[in-house]
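Enquirer: I am attaching a structure below and will ask some questions about it afterwards.
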Amino acid sequence: MKLVIAEKPSVAKALCPVLGTTIKKNGYMQGNDYIVSWCFGHLVGMFMPNDYGEQWSGKWSFEQLPMFPQTWKFKINSGCNEQFKILKSLMNDRNVSEIICATDADREGECIFRYVYKFSGCRKPVKRLWISSLEEKAIRDGMKKLKDSSEYDNLYQAGFCRAKADWLVGMNASRLFSVRHRIPLTLGRVQTPTLAIIVKRDNDVKNFVKQKYFTVDLNCGNFIAVSERIDDEIKAQSIADMCNGKNAFVSEIKKELKTANPPKLFDLTTLQREANKFFGYTAKQTLDYLQLLYEAKLTTYPRTDSQYLSDDMEQTAIKAVSDVYKAFPEFKNELSYTPDIKRCINNKKVSGHHAILPTEKITVTDLSGLPEEQKNILMLVSAQLLLATSIPHKYENIKVTVNCENILFSANGKTVREYGWKLIEERIKSVLKNKDSIDENNSALPEMEQGQTFNNVSVKKSEHFTAPPKTYTEDTLLSAMEHAGLENYDENSEKKGLGTPATRAATIEGLVAHGLAQRKGKQIFATEKGINLINCCPEEVKSPKLTSDWEMQLQQIEHGEYSAEIFINEIISFIEELCKKYKTVDDNTFKSESKETGNCPNCGKPVENGKFGYYCTGKCGMNIAKVYGRELTETQIKKLLEGKEISYTSNGRKTVVLPKTMRNEYNGRIYIQWQTKKD
44 MKLVIAEKPS
54 VAKALCPVLG
64 TTIKKNGYMQ
74 GNDYIVSWCF
84 GHLVGMFMPN
94 DYGEQWSGKW
104 SFEQLPMFPQ
114 TWKFKINSGC
124 NEQFKILKSL
134 MNDRNVSEII
144 CATDADREGE
154 CIFRYVYKFS
164 GCRKPVKRLW
174 ISSLEEKAIR
184 DGMKKLKDSS
194 EYDNLYQAGF
204 CRAKADWLVG
214 MNASRLFSVR
224 HRIPLTLGRV
234 QTPTLAIIVK
244 RDNDVKNFVK
254 QKYFTVDLNC
264 GNFIAVSERI
274 DDEIKAQSIA
284 DMCNGKNAFV
294 SEIKKELKTA
304 NPPKLFDLTT
314 LQREANKFFG
324 YTAKQTLDYL
334 QLLYEAKLTT
344 YPRTDSQYLS
354 DDMEQTAIKA
364 VSDVYKAFPE
374 FKNELSYTPD
384 IKRCINNKKV
394 SGHHAILPTE
404 KITVTDLSGL
414 PEEQKNILML
424 VSAQLLLATS
434 IPHKYENIKV
444 TVNCENILFS
454 ANGKTVREYG
464 WKLIEERIKS
474 VLKNKDSIDE
484 NNSALPEMEQ
494 GQTFNNVSVK
504 KSEHFTAPPK
514 TYTEDTLLSA
524 MEHAGLENYD
534 ENSEKKGLGT
544 PATRAATIEG
554 LVAHGLAQRK
564 GKQIFATEKG
574 INLINCCPEE
584 VKSPKLTSDW
594 EMQLQQIEHG
604 EYSAEIFINE
614 IISFIEELCK
624 KYKTVDDNTF
634 KSESKETGNC
644 PNCGKPVENG
654 KFGYYCTGKC
664 GMNIAKVYGR
674 ELTETQIKKL
684 LEGKEISYTS
694 NGRKTVVLPK
704 TMRNEYNGRI
714 YIQWQTKKD
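First residue of the sequence shown? That's 44 in my numbering, and the numbers climb one at a time after it.
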């Protein structure tokens with residue numbers, strides 16, 4: 044009998060009909076010589092420092108540092124004990140001869156399975172199911188192409204190294220700088236450099252000083268020609284006075300034919316960015332909606348970092364284009380073309396999973412029954428396939444130079460020669476945004492000839508100001524994370540930036556959950572707590588370049604091109620140097636002033652925001668800053684103190700937090716916190 048282990052029950056549910064496991068048991072399904080069971084994500088996790096014994100327990104101190112486990116130990120995660128016992132029993136059942144790993148086909152999925160496998164003490168042979176879709180055909184094909192688990196050892200090593208690096212940097216740096224500044228701080232290998240990027244942008248916006256400049260505008264009747272930027276207002280007015288009412292002529296016409304190729308297919312990050320632009324979804328929301336679509340067999344694997352397809356997918360993609368037009372007839376347009384699938388194919392740029400695609404199931408599913416958010420994401424994915432396989436957009440750039448009193452003015456225009464994929468894009472925008480598209484011909488210049496004259500032109504001076512940098516949105520932050528620290532990398536480098544497509548959403552959510560960053564509409568910016576954290580961090584901890592280098596090395600480990608042992612030794616050396624350099628107390632960096640922000644709902648005493656966060660000055664035991672361990676943002680706390688409800692979504696379930704208190708008893712102690720209800 045063969046035991047198949049999926050990452051979660053919903054994925055196991057998709058496997059069962061294909062494998063014929065129809066008999067329901069406690070924690071697994073059985074039938075047709077197969078057993079299908081599942082994890083709940085990570086059933087087994089790494090020891091925390093306190094779990095290793097007295098040496099790293101109790102009050103944090105410099106003497107505990109650095110912390111380097113001689114042997115990495117694991118434990119069953121909270122709430123997972125029963126399912127782990129079921130899996131351990133099944134794996135060690137003498138009737139089970141082979142185990143098939145069917146967790147998600149990525150680093151994290153590999154670690155989820157291997158941690159359970161190793162912790163259970165199992166030694167049975169393991170095969171790997173590697174699929175990019177939960178459609179029945181994909182599962183059947185995958186079951187015919189099972190590979191030995193050993194072929195994925197490098198993938199596991201990369202995942203395990205990532206986990207160890209996060210532990211070593213996060214645990215040591217958090218304790219080191221918490222003790223150094225006498226305040227609880229949370230640092231992370233990817234989280235802290237990401238926060239540093241946000242803080243820098245916020246500072247750039249805050250410290251921006253707008254600069255005034257001028258242009259002189261020449262009205263030629265049916266178009267305006269503009270001078271170069273002029274910083275001196277008197278000079279600009281002098282030119283305007285000199286040219287006003289005079290004659291001008293066209294001194295030069297430059298025409299250049301340009302081609303804009305269609306956009307690429309979506310990987311996870313580009314989809315998250317587009318969803319934020321169109322719908323304002325956070326990166327996590329987009330990933331959650333996409334995961335549900337994947338489990339519903341409507342899209343392919345979500346956590347991909349590729350924007351291309353493999354050679355063997357040409358016919359699949361051709362059919363997918365046809366399926367999209369059937370499922371979304373509103374996307375139909377006037378463009379007549381043959382889809383160019385080859386543009387999307389590049390085997391060298393498909394390492395683990397191909398770009399995100401809709402599946403053929405979209406044509407036989409009542410999409411009107413999908414929640415609006417999922418349908419929006421499905422429409423984006425489907426629309427991108429149409430765009431990526433369309434034909435180029437061709438246009439002519441025209442620059443006209445006009446001479447008046449030997450002063451040169453210029454006007455730029457664009458004339459579309461072939462709309463190509465832009466025609467589809469405008470149609471898609473009108474569908475998704477429910478408004479008419481914009482006619483690009485509005486930017487065209489009138490026909491002109493060199494030497495053409497304009498009599499008695501009207502000229503005026505215009506005042507302008509330089510624009511400040513824009514506060515990050517989730518779209519632009521994801522882009523910044525993707526490209527952070529890459530100045531010295533070859534443009535063909537496979538893995539780039541801070542984190543991976545699979546982890547960036549969690550990084551952003553972590554910053555918000557720890558009160559280090561805050562959302563306001565589409566914008567995301569650092570809180571005072573986050574700013575203070577970055578101010579007290581040395582450059583080596585918040586450097587995007589260093590973290591980007593580590594991410595590149597993890598990718599090389601995955602491909603068998605770099606040593607896992609060398610990687611971890613380099614991390615250890617980094618931590619040793621960090622501890623040597625900063626094992627001294629610094630009371631001067633972190634702001635410690637407190638600010639009164641409202642009254643405690645439990646005792647009525649003032650609530651202040653001090654260096655440890657929000658607290659009740661009456662010391663009544665009310666937990667102002669958290670709900671069931673979840674840290675509330677500054678905005679959420681202020682709303683609650685104003686008597687307003689707030690809400691958050693976790694694992695697809697919405698929780699409403701009320702501006703009232705409730706008492707809980709745990710291990711003989713009374714805890715007071717905000718009252719909640721499920722929506």
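Quick reminder that beta carbons are idealized off the backbone N, C-alpha and C, glycines included.
Express the C-alpha separation of F321 and R476 in angstroms, rounding to a whole number.
Expert: For clarity, residue 476 is Lys in the given sequence; the question names Arg instead. In a straight line, the C-alpha of K476 is about 7 Å away from that of F321.
Enquirer: Could you give the distance in angstroms between the alpha-carbon of D184 and the alpha-carbon of Q358?
Expert: Using only the alpha carbons, I get a separation of about 16 Å.
Enquirer: Going straight from the alpha carbon of E594 to that of F610, what length do you get?
Expert: For E594 and F610, the distance between alpha carbons rounds to 11 Å.
Enquirer: Which residues mark the beginning and the end of the beta strand (DSSP E) in which W81 is found?
Expert: Residues 77 to 81.
Enquirer: Secondary structure at P317, three-state DSSP: helix, strand or coil?
Expert: At residue 317 the sequence reads Glu, which differs from the Pro that was named. Note: E317 maps to helix in three-state DSSP.
Enquirer: Could you have a look at W593 and say whether DSSP puts it in helix, strand or coil?
Expert: W593: helix per DSSP, three-state reduction.
Enquirer: For Y714, which three-state DSSP category applies?
Expert: Looking at Y714 - three-state DSSP - the assignment turns out to be strand.
Enquirer: Among K588, G664, T676, which residue has its Cα nearest to the Cα of I240?
Expert: Checking every option, the nearest Cα to that of I240 belongs to K588.
Enquirer: Any chance you could list the beta strand (DSSP E) runs of at least 3 consecutive residues sitting entirely within the region 226 to 300, in chain order?
Expert: 255 to 262, 267 to 269, all fully within the region 226 to 300.
Enquirer: Secondary structure at P644, three-state DSSP: helix, strand or coil?
Expert: Note: P644 maps to coil in three-state DSSP.
Enquirer: Quick one, are the C-beta atoms of C387 and L352 less than 8 Å apart?
Expert: Cβ atoms of C387 and L352: closer than 8 Å.
Enquirer: For E552, report the span of its alpha helix (DSSP H) as first-last.
Expert: Per DSSP, E552 belongs to the alpha helix (DSSP H) from 547 to 556.
Enquirer: Threshold first: 4 residues or longer. Then list the alpha helix (DSSP H) segments lying entirely within the region 51 to 108, N to C.
Expert: Taking only runs of at least 4 residues, the alpha helix (DSSP H) segments lying wholly in the region 51 to 108 are 52 to 62.
Enquirer: Look at T343 and T408 and say whether their C-beta atoms are less than 8 Å apart.
Expert: Not closer than 8 Å, so no.
Enquirer: Quick check: the Cα distance between S693 and D331, rounded to an integer number of angstroms?
Expert: One C-alpha to the other measures close to 10 Å.
Enquirer: According to DSSP, is F322 helix, strand or coil?
Expert: Three-state result, F322: helix.
Enquirer: Measuring only the C-alpha atoms, how far is G323 from G647?
Expert: Going from the Cα of G323 to the Cα of G647 covers about 37 Å.
Enquirer: Determine the closest residue to K243 out of A607, V699, L520, with distance taken between C-alpha atoms.
Expert: K243 has its Cα closest to that of L520, out of A607, V699, L520.
Enquirer: Expressed to the nearest angstrom, what Euclidean distance is found between the alpha-carbon atoms of K118 and F90?
Expert: Taking the straight line joining both Cα atoms gives about 6 Å.
Enquirer: When you compare each of V700, Y95, E582, Y77 to V670 by their alpha carbons, which one comes out closest?
Expert: The shortest C-alpha separation from V670 is found at V700.
Enquirer: So if DSSP puts Q561 in a beta bridge, which residue, or which two residues, is it bridged to?
Expert: Q561 pairs with F568.
Enquirer: What do you get for K572, buried or exposed, if any count of 16 or more other CB atoms within 10 angstroms of its CB means buried?
Expert: Per the 10 Å Cβ criterion, buried.
Enquirer: Quick check on DSSP: helix, strand or coil for T408?
Expert: Note: T408 maps to coil in three-state DSSP.
Enquirer: Is it buried or exposed, E271, if we count other Cβ atoms within 10 angstroms and call 16 or more buried?
Expert: Classification of E271: exposed, given that the 10 Å Cβ count is below 16.
Enquirer: Is the Cβ-Cβ distance between F309 and I399 less than 8 Å?
Expert: Yes, Cβ-Cβ distance for F309 and I399 is below 8 Å.
Enquirer: Could you tell me the boundaries of the alpha helix (DSSP H) in which S163 lies?
Expert: Premise fails: S163 is in no alpha helix (DSSP H) and is neither H nor E.
Enquirer: For K457, report the span of its beta strand (DSSP E) as first-last.
Expert: That run of the beta strand (DSSP E) goes 450 to 461.
Enquirer: Does the Cβ of M705 have 16 or more other Cβ atoms within 10 Å, making it buried, or fewer, making it exposed?
Expert: When all chains shown are included, M705 counts as exposed.
Enquirer: Using a Cβ-Cβ cut-off of 8 Å (strictly less than) and excluding sequence neighbours within five positions of A206, which residues of its own chain qualify?
Expert: If we look at A206 and ignore the five residues flanking it on each side, its Cβ neighbours are M89, C154.
Enquirer: Pick helix, strand or coil for N419, following the three-state DSSP scheme.
Expert: Reduced to three states, the DSSP call for N419 is helix.
Enquirer: Going by CA-CA distance only, name the one from E468, N389, A569 that's closest to L355.
Expert: A small correction: the amino acid at residue 355 is Asp; Leu does not occupy that position in the sequence shown. Ranking the options by Cα distance to D355, first place goes to N389.
Enquirer: Measuring only the C-alpha atoms, how far is S635 from H224?
Expert: Its pLDDT being 48, under 50, S635 is placed unreliably in this model, and the value from its coordinates should be taken loosely. Rounded to whole angstroms, S635 to H224 spans 10 Å at the Cα level.
Enquirer: Under a three-way DSSP split, which group does F371 fall into?
Expert: The answer is coil: DSSP assigns F371 none of H, G, I, E or B.
Enquirer: Let me confirm a value: L300 is counted as buried when at least 16 other C-beta atoms fall within 10 Å, else exposed. Which label applies?
Expert: Answer is exposed; the Cβ neighbour count stays below 16.
Enquirer: Can you give me the Cβ contacts of E178 inside the same chain, cut-off strictly under 8 Å, excluding the 5 residues immediately before and after it?
Expert: The residues are K340, T402, E403, K404.
Enquirer: For D147 and I434, what's the separation of their Cα atoms in angstroms?
Expert: Straight-line Cα distance between these residues: approximately 35 Å.
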